[in-house]
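Student: In this note's numbering, the protein residues as written are 43 to 237.
Where a beta carbon is used, it is the ideal one built from N, C-alpha and C, also for glycine.
(1) Since residue 181 and residue 156 are thought to touch, with beta carbons under 8 Å apart, how far apart are those beta carbons, to the nearest angstrom?
(2) In its own chain, which residues sit with a C-beta less than 6 Å from the C-beta of residue 80, not counting the 5 before and 5 after it?
(3) In three-state DSSP terms, what is residue 194?
(4) Strictly under 8 Å for the Cβ-Cβ distance: is residue 202 near chain B by that measure?
(5) Pull up the distance between the alpha-carbon of residue 106 and that of residue 117, whole angstroms please.
(6) I'd like to check one pair, residue 92 with residue 148: are the Cβ atoms closer than 8 Å?
(7) For residue 102, tell me which candidate among 54, 143, 194, 74 has the shortest Cα-Cα distance.
(8) Restricting to runs no shorter than 3 residues, where is the beta strand (DSSP E) found entirely within the stretch 101-130?
(9) Could you say if the stretch 116-134 and the stretch 50-70 meet the contact criterion of at least three C-beta pairs nearer than 8 Å?
(10) Suppose contacts are defined by Cβ-Cβ distances below 8 Å. Is residue 150 in contact with residue 137 by that definition?
(11) Considering only the beta carbon of each residue, do residue 34 and residue 201 sit closer than 8 Å?
(12) Rounded to whole angstroms, how far is the Cβ of residue 172 from the Cβ of residue 165, which I believe are closer than 8 Å?
(13) Looking at the strands, I want to know which residues DSSP matches up with residue 188.
(14) What would DSSP say about residue 47, mapped onto helix, strand or coil?
(15) Should residue 210 go down as buried or exposed, given a rule of 16 or more other Cβ atoms within 10 Å for buried?
(16) Give the straight-line distance between the Cα atoms of residue 134 and residue 175, rounded to the nearest whole angstrom.
(17) In chain order, what residues of the same chain lie with their CB nearer than 6 Å to the CB of residue 61, ignoring the 5 residues before and after it?
(18) When DSSP builds the beta bridges, which residues end up paired with residue 68?
(19) What does DSSP give as the partner residues of residue 98 in its beta bridges?
(20) Of all the options 184, 185, 163, 189, which has the alpha carbon lying nearest to the alpha carbon of residue 195?
(21) Among 144, 50, 82, which one has its Cα closest to the Cα of residue 184?
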């Protein structure tokens, strides 16, 4: 079942951008793999999905909300989170809502399929594949810390992914350290520590 596998290396790599103890929203959370990851890092987590069976798996990691965010209204209107995390999911009308749901000082960590994926597998419909630069355009109001658009070999897929932060944290703490890694460093250790 989607969501029961290990957390995405992209999400792990950039999770240090999330302010300590901040609420995390996992959109289309499936079985809650990222909910569990952030809960283990000390964050309160909320997962949202339309699949009740998947949410049963996710419930142990935090709050789980059953909602069809494509057919119904956005159930979290007006709420902002220290992080919004999205993987393997695209519903274009929701992109502005997700960006707006990032609190001042918070982060958006997003990874999903991109054009080109139709040549190697599913999803193959254009509705589910990001166009070149689409995530960059959606995040125009955020500071982009990392962005990739290309092919990954294992498993074969075309992806677009972004880590971005909203300016304006509520305290006087310095901004998070934007640790950078060489290409292929997805599995690196804690990015806050020198390698």
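Tutor: Put simply:
(1) Taking the chain shown and counting its residues from 1, the one referred to as residue 181 is at position 139. Taking the chain shown and counting its residues from 1, the one referred to as residue 156 is at position 114. In fact, because the Cβ distance is near 15 Å, the residues do not count as touching under 8 Å.
(2) Translated into the one-based positions of the chain shown, residue 80 becomes position 38. Cβ within range, chain order: 66, 87.
(3) The residue given as residue 194 occupies position 152 in the chain shown. In the three-state reduction of the DSSP assignment, residue 194 falls in the strand class.
(4) Of the chains in the structure shown, none is chain B; there is only one protein chain.
(5) Counted from its first residue, the chain shown places residue 106 at position 64. Counted from its first residue, the chain shown places residue 117 at position 75. About 12 Å.
(6) Residue 148 sits at position 106 when you count from the first residue of the chain shown. Residue 92 sits at position 50 when you count from the first residue of the chain shown. Not closer than 8 Å, so no.
(7) The residue given as residue 102 occupies position 60 in the chain shown. Residue 102 has its Cα closest to that of 74, out of 54, 143, 194, 74.
(8) Complete beta strand (DSSP E) runs here, min 3: 105-108, 123-129.
(9) Touching, yes.
(10) Locating residue 150 in the chain shown gives position 108, where the first residue counts as 1. Locating residue 137 in the chain shown gives position 95, where the first residue counts as 1. Result no, Cβ atoms of residue 150 and residue 137 do not sit closer than 8 Å.
(11) Past the boundaries of the shown model lies residue 34; the chain is included only from 43 to 237, so the question cannot be answered.
(12) Residue 172 sits at position 130 when you count from the first residue of the chain shown. Residue 165 sits at position 123 when you count from the first residue of the chain shown. With a Cβ gap of about 11 Å, residue 172 and residue 165 do not count as contacting.
(13) Looking up residue 188 in the chain shown gives position 146. DSSP links residue 188 through a beta bridge to 205.
(14) The residue given as residue 47 occupies position 5 in the chain shown. For residue 47, the secondary structure class from DSSP, reduced to helix, strand or coil, is coil.
(15) In the chain shown, residue 210 corresponds to position 168, counting from 1. Its Cβ having fewer than 16 others within 10 Å, residue 210 is exposed.
(16) To locate residue 134, count along the chain shown from 1; it is residue 92. To locate residue 175, count along the chain shown from 1; it is residue 133. Rounded to the nearest whole angstrom, the CA to CA distance from residue 134 to residue 175 is 14 Å.
(17) Along the chain shown, one-based indexing puts residue 61 at 19. Excluding residues within five positions, the ones whose Cβ falls inside 6 Å are 124, 147.
(18) What you label residue 68 is simply residue 26 of the chain shown in a count that begins at 1. BP columns for residue 68 point to 89, 127.
(19) In the chain shown, the residue the question calls residue 98 occupies position 56. Bridge partners of residue 98: none, in fact.
(20) For this step, residue 195 is matched to residue 153 along the chain shown. For residue 195, the nearest C-alpha among the options comes from 163.
(21) Here residue 184 refers to the residue found at position 142 when the chain shown is read from its first residue. Cα-wise, what sits closest to residue 184 is 144.
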